[in-house]
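Heads up: the sequence shown runs through residues 574 to 1095, numbered per the numbering used here.
Yeah, the Cβ is synthetic: ideal placement off N, Cα and C, and Gly gets one too.
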Amino acid sequence: MLQFNSSLYNSTLKLFPYWRLSSLLSTSVVNPEITNLPKQDNIIQDHANLSIKNEVLQKETAPEEKSIELPDNIKKIKERKSSKAELNNQIRNAKSTTDLIGIMKMPGITIEHVRQILSLISSKSTNVEKTNVSLVKATDSLTNLKQKKIVFDNLKILPLATPSLIQILKKLSYNSERNVPLLRTLAYNIAMYSERLNIKMCGDILYSLAVLNYYDENLINKVMLDLFQEIPKNSGAPVFGSIVTSIGLLRYKRCEVLDVICKWAVDNYEQLRVQDFIATLQCFATFGYNPPDMDLLKQHMNSLKKEDTNDDLWLDFVWSLILLDKALPSHIASVLDMAFVKTILNAPDAKRMSRILKLLNINGAAEVLLKDYNGPMLNTTADIFTIPLERRKQKQEFIDLLTETLKEIVPLRFQINVYTKMGFYIDAECYLNSNKEFVRIDDVTDNSTNTRVAIMVHDYHDYSRGKEELLGVIQFYNKILTAKGYKVLNISYHNFSVNDKLVKRVHYLNEQIKSLSLEQNL
């Protein structure tokens, strides 16, 4: 049974011989594009020579009287297998954190071994007496560290170690291996890096966190601060495209960073590939945010043609313009064209539901928001309007809470999950008369002067991180509802929780509805 001391966790992690990892991770890892992201091998050791083994075995065997000499590459394969088995055995038999750290310096160690060791250290702990293992280990490895020109500053990770940590993070993302203890360890140590990360490092970190759907506030804060300084100096479009895509996926909103992203796109538009330009607009649309220099991109938005890209990217482009309130009637007409709609809907893959929602959003905007639009619209009898929309489990829990609360306040005077046919539901709909009293649904007529209220409950996923605000698509829903004559009441998960008692939820919702009525002078 391994013996660990939880109090030594942070200090011992910082003393790993990362110069050893640096040499292991010296193979170049190509930065992924925003689409068709490649998978990489999940180990550092290169076993490409394995194919040679089959060729050797297919050759004629030597005469019996002669001894058979194995080629050097076969010997090396056997040695590697033996070395791997030996390392596995040593890791299993390690008695302490010190033993595990020592294994990190051994030749033949692979990324699997690194993961295994770090996972053991981060997940195991016992109430043993504190020892000064960290100082002993620092002294023990000082000679090796000097030879590699690595120094420690108060036992913290140094510049040479950080690229290796980022390489490990990238390897995890390429293999879709969401090892939370290891990710927590890597994020902590990279965030402690005192020097500024270059733009490639920032891109690699953001990409890896986005792929693994792992969020660490301290690490993201550091990356964003460094990006603010590094983006103006950037000279490469691919890494720029990867960064804006990852920021959107992570839903991290920091306006000053979005501003410098927009300025870079304006100043370097000729370098941008079409997919990078669209990814930039989609990033802004994610937050419903128009940077100060946004109008300087207007010429490029209006000059881009459907023929310049593929159907999926064009749909993303027009949808982003809708959320940013920058779409022209010609943009919308190109997407709602019957031939384009048919092509988009006939593509059988995982993106189909996303395409349907975007088409419905665009059609809704054409119907409600663009008063001068007279182009094609989706057929009102088309199957696209009957496809059920799925809700997240957490979102459905909030709908159930809202239903329970409204039943306590105004039974039979509200509707739940009202489908708009514009790509979203109204969570709850009710009516108020001129005296601010709830009206029975059955008493509502088309000619009545009652005011419609749309209650929308929002969970964590409906908000951006960093600067917490409603995401762009939620802002778009509010615009649609307002244009249709609704008074919209947005309820945040901060104030309306499953942990709250019913009486508290009833009081809060009542107060919000009254406040909305008074504010709108109903």
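1. Pick helix, strand or coil for THR683, following the three-state DSSP scheme.
2. Mind checking whether TYR1059 and VAL1026 have CB atoms under 8 Å apart?
3. Report, in whole angstroms, the separation of the C-beta atoms of TYR788 and ARG1038, which I expect to be a contact under 8 Å.
4. Measure the alpha-carbon distance for TYR998 versus TYR1036 and round it to whole angstroms.
5. What separation, rounded to the nearest whole angstrom, lies between the Cα atoms of TYR761 and ASP910?
6. Around the Cβ of ARG751, are there at least 16 other Cβ atoms within 10 angstroms (buried) or fewer (exposed)?
7. Going by DSSP, what residue range makes up the alpha helix (DSSP H) through THR916?
8. Excluding five sequence neighbours on each side, which residues of the same chain lie with their C-beta closer than 7 Å to the C-beta of SER903?
9. Quick check for students: name the residue ranges of the beta strand (DSSP E) that lie wholly in the stretch 829-879, counting only runs of 3 or more.
10. With H, G and I counted as helix, E and B as strand and the rest as coil, what does DSSP make of ASP1015?
11. Exposed or buried, which one is GLN855 when buried takes at least 16 other CB atoms within 10 Å?
12. Looking at MET950 and ALA939, is the spacing between their C-beta atoms short of 8 Å?
13. Can you tell me whether SER815 is buried or exposed? The criterion is at least 16 other CB atoms within 10 Å of its CB, across all chains shown.
14. Report the rounded CA-to-CA distance for GLN663 versus SER656, giving the unit in angstroms.
15. The ligand GTP and LYS743: does any heavy atom of the ligand fall closer than 7 Å to the residue's C-beta?
16. Between the alpha carbons of LYS1009 and LYS924, how many angstroms are there, rounded?
17. Per DSSP, which one or two residues make a beta bridge with PHE987?
18. Exposed or buried, what is ARG1013 when buried is set at 16 or more other beta-carbons lying within 10 Å of its beta-carbon?
19. Is the beta carbon of ASP1003 sitting closer than 8 Å to the one on VAL983?
20. Measure from the alpha carbon of SER808 to the alpha carbon of each residue in ALA838, ASP832 and ALA1056, then state which is nearest.
21. Assign LEU770 to buried or exposed, taking buried as 16 or more other Cβ atoms, counted over all protein chains shown, within 10 Å of its Cβ.
22. Counting beta carbon pairs with one atom in the stretch 815-824 and one in the stretch 861-877, are three or more of them shorter than 8 Å?
23. Residues bridged to ASN1063 by DSSP?
24. Determine the burial state of VAL796: buried for a count of at least 16 other Cβ atoms within 10 Å of its Cβ, exposed for fewer.
25. By DSSP, does LEU779 sit in helix, in strand, or in coil?
26. When we look at the beta-carbon of LYS878 and count the other beta-carbons within 10 Å, is it buried (16 or more) or exposed?
27. Thinking just about the alpha-carbon of each residue, which of SER781, LEU979 and MET995 is nearest to the one in SER746?
28. Less than 8 Å between the beta carbons of ILE1053 and VAL941, yes or no?
29. Can you check DSSP and say which residues form a bridge with ARG769?
30. Cβ atoms of LEU1044 and THR818: under 8 Å apart, would you say?
31. Just grab the DSSP bridge partners of LEU1043 for me.
32. According to DSSP, is TYR747 helix, strand or coil?
33. Once the 5 residues before and after LYS826 are set aside, which same chain residues still bring their CB inside 6 Å of it?
34. Report yes if the C-beta distance between ARG1078 and LEU974 is below 8 Å; otherwise report no.
35. Which residues mark the beginning and the end of the alpha helix (DSSP H) in which PHE801 is found?
36. Sorted by chain position, which residues of the same chain lie with C-beta nearer than 6 Å to ASN934's C-beta, five sequence neighbours on each side aside?
Judging by the given coordinates:
1. Coil, per DSSP.
2. yes
3. 7 Å
4. 17 Å
5. Per the coordinates, the alpha-carbon of TYR761 lies some 50 Å from the alpha-carbon of ASP910.
6. exposed
7. DSSP places THR916 inside the alpha helix (DSSP H), whose first and last residues are 911-918.
8. Contacts found: none.
9. none
10. helix
11. buried
12. Result yes, Cβ atoms of ALA939 and MET950 sit closer than 8 Å.
13. buried
14. 11 Å
15. As presented, the structure is devoid of all ligands, the ligand GTP included, so that no description of it is given.
16. It is roughly 44 Å from the alpha-carbon of LYS1009 to the alpha-carbon of LYS924.
17. CYS1003
18. Burial call: exposed.
19. Contrary to the premise, residue 1003 reads as Cys rather than Asp in this sequence. Yes. Within cutoff.
20. ALA838
21. Counting every other CB atom within 10 Å of its CB across the protein chains shown gives LEU770 a total of 16 or more, marking it as buried.
22. no
23. MET1029
24. buried
25. helix
26. exposed
27. SER781
28. yes
29. DSSP output for ARG769 lists no bridge partner at all.
30. no
31. TYR1036
32. helix
33. PHE860, SER1037, GLY1039 and LYS1040
34. yes
35. 790-803
36. GLY996
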